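Each residue of the sequence shown is one higher than the one before, counting from 342 in the numbering used here.
Here is the structure we will look at.
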Amino acid sequence: MSVFVIASFCFLATSLLSLIRIIIGPTAQDRLVGLNLIVPQVVAIMVLMAINFNRTIYPLVLLTKVYLASFKMIIPVITGQSNPRVVHFRTRLKSELARVVLANSITLTPGTLTLDLDNDHLIVHWLDAKTIHSHYAAGLIKGHFESWLKRIWM
């Protein structure tokens with residue numbers, strides 16, 4: 342069992358225990374126990390960050406891209422002048438899990454929706470397409486997602 346799995350389990354277990362304590366209600370003993378639950382969570386987070394820095398950064402990258410894409414989608418949605426297209430492109434990711442994360446990241450980004458993931462082929466609906474050229478479209482849609490996921494699942 343890897344250190345990453347152990348740290349993830351500790352974080353999940355202490356989070357669930359904290360949630361149960363919050364639901365049940367605080368007492369004097371529970372406040373002391375609560376402090377004992379927070380310390381392992383902090384340690385688990387520090388271990389997770391030390392194990393793979395890229396795994397802790399990727400959610401922030403995804404959140405930033407989603408936030409920026411939502412602003413880019415305001416004008417096409419309000420004016421109704423969109424250019425919807427279905428584009429097909431390939432990914433260079435080797436891991437099946439990395440491909441699934443890429444497909445879900447594309448789907449979470451406003452204006453794009455992953456329709457199909459077949460091995461290394463992705464079919465994406467793009468609400469405001471800038472091009473139909475698959476290579477250029479791939480660069481615009483998957484952007485930095487693929488490079489970050491390569492760092493995580495190499």
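Where is the CB? At the ideal position from N, CA and C, for every residue including glycine.
Note that the structure is predicted; figures quoted are calculated from it, not measured.
DSSP-derived helix/strand/coil call for residue i
i: L468; result: coil
i: M342; result: Since pLDDT at M342 reaches only 49, below the 50 mark, its modelled position is unreliable, and no value is offered.
i: N445; result: helix
i: S436; result: coil
i: S411; result: helix
Start and end residues, alpha helix (DSSP H) containing residue i
i: R492; result: 486-493
i: G480; result: 475-483
i: T450; result: Element bounds for T450: n/a, residue is neither H nor E.
Terminal residues of the beta strand (DSSP E) in which residue i lies
i: T453; result: 453-459
Residues that DSSP places opposite residue i in a beta bridge
i: R431; result: H462
i: R426; result: W467
8 Å Cβ cutoff met for residue i and residue j
i: H462; j: R433; result: no
i: W467; j: T453; result: yes
Proximity test, residue i beta-carbon vs the ligand SAH heavy atom, cut-off 7 Å
i: D461; result: With respect to the ligand SAH, the structure shown offers nothing to examine, as it has no ligands at all.
Meets three-Cβ-pair contact criterion under 8 Å: the region 413-425 and the region 436-449
With the cut-off at 8 Å, the region 413-425 and the region 436-449 do not touch.
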